[in-house]
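Data first, discussion second: the structure below is written as structure tokens.
Protein chains: 2
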Amino acid sequence: MRTFVAVVDAGQFQDAAADLSITQQAVSKRIAGLEKDLAVRLFTRTARGARLTIDGQAFLPHARELLRVAERAVASVLPGSRPLRVDVIASRSAASGLMRAFHRAHPEIELDVVMLFDIETAVAAIRSGAIDASFRAVAVPGRPLPEDIESVRVLDEALQLLTGPAHALAGARSLTVAQLAGHRIWMPGIVPGTEWAAYYDDLVAEFGLTIEATGPNFGSDALLDTIADTPALATFMGEQTRLVWPADHGLRRIPVTDPTPVYPHALLWRRDNPHPGMATLRAHLAATAAGHDAAGTWAPGWVIPR
Amino acid sequence: MRTFVAVVDAGQFQDAAADLSITQQAVSKRIAGLEKDLAVRLFTRTARGARLTIDGQAFLPHARELLRVAERAVASVLPGSRPLRVDVIASRSAASGLMRAFHRAHPEIELDVVMLFDIETAVAAIRSGAIDASFRAVAVPGRPLPEDIESVRVLDEALQLLTGPAHALAGARSLTVAQLAGHRIWMPGIVPGTEWAAYYDDLVAEFGLTIEATGPNFGSDALLDTIADTPALATFMGEQTRLVWPADHGLRRIPVTDPTPVYPHALLWRRDNPHPGMATLRAHLAATAAGHDAAGTWAPGWVIPR
DNA sequence: TTAATGCACAACTTGGGGTTGTGTGCTTTC
DNA sequence: GAAAGCACACAACCCCAAGTTGTGCATTAA
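Residue numbers (the numbering used here), protein chains in the order written: chain S, 1249 to 1554; chain Y, 1249 to 1554.
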């Protein structure tokens, strides 16, 4: 591809060869090989150089795009000036939504999103500089954040109950936490040791709910499928989670009150992080930060305070 | 890259090797080579397979994107189901604008834009199936379009006079063609034998203008530079042409009337072109087609009729 | 005609990238 | 806690892809 673009830019094989520091014959072979692989003639050879065929013209922008993508790929792991690297807790989480919004607002800032296992890994990665920031809800209970890590709450996400159409509570417009007692709430795929597990453990302990965190995670589709078809099962879902649901099998999202359980998202970063994108990200989040009033909401005691 | 993604998808080197029909050692070598080139560790090797490092996670979406782009590149020259391939007369022409608008309206339709030398090449390419459609203004004078080529006028683009701030006509809000007589109009880079050359030849013959089509084309920047600085020179420019002009050196765009010279853009395509995108393109253009009223405009006699 | 230019073909060489064979470290199992 | 199993790395070898040099052919310019 690089050779193809070099020939286009140079206008002839010989100059492209000089640019690439190889012989004209090598360029000729490379182009011939590419043409053979594609089963298409890319250049018309003339006595004054090489001109693109129609197929070559159509191919050219794709070739340039490929080189651009390759360059970005290399840059993504290049120490020094790599893209802003942010950890989110799950690809469907509200944090992902925040980062998508940030990307829309600042498309000029290169961005890579990763997902780390737990808060300890995230803090270690932030301190080592492997990532620039992390969206998390919590400090490790009993172990405060290190001195060099800053944090700020950026979003409180209310949990809603998700039920199928045949569920006993499907008709409710709103539910109190007390009304959930005795109903089976299914949260598969929650890995023990993560902050999600801790969150739901606290929720159960506080309000006496029945949460079944067992079972492997067969993916969000399977979960929604089961919820839709099983009258005895419901699940929790963040209010910002967008359902990708081909045929909406009558799923109901029901707000929960008295109190509203909220999942707090906070941004963590190293105080002396030099990445130029960090300031922009923090400013963006500060400008768009929204949370429920603390009154009437519930969150575990060990989350990062406002 | 393919191997990297295969390992990620398989979760371990051995299964990826099976997927790729090579040995585990070859996969190990490829990944080691990639890691060496990038000077970064992409996987942590465990006794149960390979897990992505943070760098690997950041790299992954770029790798997938690269494979997608590569696939699209190959598809762009694949006979059978390749992207819709449309010829435009210049990258700054109104036809390019129309295709950009079409792409915005129908981003799902893969599109490649090429630029052919003249109408004869374009017609031959349409007939052979090398391209699907072409934006042109004209039939070759004296030689009507072949039976199997259809055409429809889609846009009449009025020409405007472009002058620098010191030009004698710079203050005019509008000009008649008669007022242009005696002023030097400079149109560099027009290649003899093209329909542009024929257009301006006719314009000169009809109204006795002074058009200098000589001189090589040093690019639009150089042209605008000269126009801005030379009081004795002006040039024609399509009303839809967007100037990319860092500091607007006081350039003036002046409408021309009595009559308004318009450059008609027509779409040509083969009657039996089977590409599914063609119907969409024609429908889109039919819906957005706009032209000046024929009254008060001028175009050469040999253009494609409305 | 002659010279110059520019790409293709042929013969040769080399090292990247594949193979087989083996070693090492971590899990799992009883 | 020894043994078996699994998964990846290293070493040696082998071969062809991809480079090189040398040359030929077609087109253009003088």
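All residues carry an ideal CB built from backbone N, CA and C; glycine is no exception.
Quiz item: Nearest CA to the CA of PRO1509/S: which residue from PRO1355/S, THR1489/S, LEU1451/S, GLY1281/S?
Solution: LEU1451/S
Exercise. For ARG1296/Y, decide whether its Cβ has a neighbour in chain S, counting only Cβ atoms nearer than 8 Å.
Key: no
Quiz item: So with Cβ pairs under 8 Å, would you call ILE1374/S a contact of chain Y?
Solution: no
Quiz item: Which residues mark the beginning and the end of the alpha helix (DSSP H) in which ARG1333/Y is found?
Solution: That residue, ARG1333/Y, is in no alpha helix (DSSP H); its beta strand (DSSP E) goes 1332-1335.
Quiz item: Interface residues of chain S around VAL1325/Y at Cβ under 7 Å?
Solution: LEU1286, VAL1288, ASP1303, ALA1306, PHE1307
Practice problem: Measure the Cβ-Cβ separation of ARG1348/Y and ALA1514/Y and say whether it is below 8 Å. | Solution: no
Quiz item: Is any beta-carbon of chain S found at less than 8 Å from that of LEU1529/Y?
Solution: no
Quiz item: DSSP three-state call for ALA1381/Y: helix, strand or coil?
Solution: strand
Quiz prompt | DSSP state of ARG1501/S mapped onto helix, strand, coil | solution = strand
Self-check item: Length at least 4, wholly inside the segment 1414-1461 of chain Y: the alpha helix (DSSP H) runs in chain order
Solution: 1425-1428, 1443-1455
Quiz item: When the distance is taken between beta carbons, is ARG1519/Y closer than 8 Å to GLU1368/Y?
Solution: no
Self-check item: CA nearest to the CA of ARG1293/Y, picked from ASP1449/Y, VAL1255/Y, VAL1317/Y, ASP1404/Y
Solution: VAL1255/Y
Quiz item: Does DSSP put THR1271/Y in a helix, a strand or coil?
Solution: coil
Quiz item: When the distance is taken between beta carbons, is VAL1334/S closer than 8 Å to LEU1190/S?
Solution: For chain S, the structure presents residues 1249 to 1554; residue 1190/S sits outside this window and is missing.
Quiz prompt | Pairwise C-alpha distance: GLY1304/Y and ALA1264/Y | solution = 16 Å
Practice problem: Mind listing the chain Y neighbours of LEU1314/S? Cutoff is C-beta to C-beta under 8 Å, in chain order. | Solution: LEU1314, VAL1317, ALA1318, ALA1321
Quiz prompt | chain S contact for ALA1381/Y (CB, 8 Å cutoff) | solution = no
Quiz item: Residues of chain Y with CB under 7 Å from VAL1362/S, in chain order?
Solution: ILE1302, GLN1305, ALA1306
Exercise. Mind listing the chain S neighbours of HIS1310/Y? Cutoff is C-beta to C-beta under 7 Å, in chain order.
Key: VAL1317, ARG1320, ALA1321, SER1324
Exercise. Check the C-beta distance from LEU1457/S over to ILE1433/S and give it rounded, since I have them as a contact under 8 Å.
Key: 6 Å
Exercise. Apply the 10 Å Cβ neighbour rule to GLN1408/S and answer buried if 16 or more other Cβ atoms are within range, or exposed otherwise.
Key: buried
Self-check item: Test: ALA1342/Y CB closer than 8 Å to a CB of chain S
Solution: no
Quiz item: Since ARG1333/S meets chain Y, which of its residues come closer than 7 Å, beta carbon to beta carbon?
Solution: ALA1306
Quiz prompt | Cross-chain neighbours of ALA1378/S in chain Y, by beta carbon under 8 Å | solution = ILE1302, ASP1303
Quiz item: Among PHE1484/S, THR1424/S, ARG1340/S, which residue has its Cα nearest to the Cα of TYR1447/S?
Solution: PHE1484/S
Practice problem: Please report the Cβ distance between GLY1412/Y and ALA1476/Y, rounded to the nearest whole angstrom; I am assuming they are in contact, meaning their Cβ atoms lie under 8 Å. | Solution: 4 Å
Self-check item: Where MET1526/S falls: helix, strand or coil (DSSP)
Solution: helix
Practice problem: Taking 8 Å as the threshold, find out whether the segment 1376-1387 of chain Y comes into contact with the segment 1523-1537 of chain Y through three or more Cβ pairs. | Solution: yes
Quiz prompt | Where the alpha helix (DSSP H) through ARG1289/S begins and ends | solution = Run containing ARG1289/S: none; DSSP gives neither H nor E here.
Quiz item: Just how far apart, CA to CA, sit ASP1396/S and ALA1372/S?
Solution: 11 Å
Self-check item: Neighbourhood of GLY1345/Y by C-beta distance below 6 Å, restricted to the same chain and skipping five residues each side
Solution: GLN1488
Practice problem: Can you have a look at ARG1490/S and say buried or exposed, based on whether 16 or more other CB atoms are within 10 angstroms of its CB? | Solution: exposed
Self-check item: Inter-residue Cα distance where the pair is ALA1531/S and ALA1306/S
Solution: 42 Å
Quiz item: For ASP1257/Y, which beta-bridge partners are listed by DSSP?
Solution: ASP1257/Y pairs with nothing; no bridge assigned.
Practice problem: Whole angstroms is fine: what's the gap from ALA1311/Y's alpha carbon to VAL1336/S's? | Solution: 20 Å
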